[in-house]
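Everything on this sheet refers to the single structure shown next.
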Amino acid sequence: MEEDPLRPVVLGGDHSISYPVVRAIFEKLGGPVDILHLDAHPDNYIAYEGNKYSHASSFARIMEGGYARRLLQAIFHS
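If you read the sequence shown in the numbering used here, its first letter stands for residue 1, the second for the next number, and so on.
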């Protein structure tokens, strides 16, 4: 019997955890993942204040690295 596929749900943390978490899941699964990102900011700057690995650039790096097959971002403010 095959194992059920990994379906991680990651909640909370600051902006800097997205990239390493998605990369680790990519490595575990051996391929890109689908992401639903709920946040007040898209975090997709090419670089922020000259830093391409800043908290504001995590999803740019995820997409650039091919770690996500699909990215749906629901951006909202109170």
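In this text, a Cβ means the ideal position worked out from N, Cα and C, and glycines have one as well.
{"Query": "What are the boundary residues of the beta strand (DSSP E) that alanine 56 is part of?", "Result": "Per DSSP, alanine 56 belongs to no beta strand (DSSP E) and is neither H nor E."}
{"Query": "Please go through the same chain and pick out, in chain order, the residues whose beta-carbon is closer than 6 Å to the beta-carbon of arginine 70, but skip the five residues on each side of it.", "Result": "Asp34"}
{"Query": "With distances taken Cα to Cα, identify the nearest neighbour of aspartate 43 among Lys52, Gly65, Asn51, Ser57.", "Result": "Ser57"}
{"Query": "If we count Cβ pairs, one from each stretch, closer than 8 Å, do we get three or more for the region 44-54 versus the region 3-12?", "Result": "no"}
{"Query": "Note down the Cα distance separating methionine 63 from histidine 77, rounded to an integer number of angstroms.", "Result": "23 Å"}
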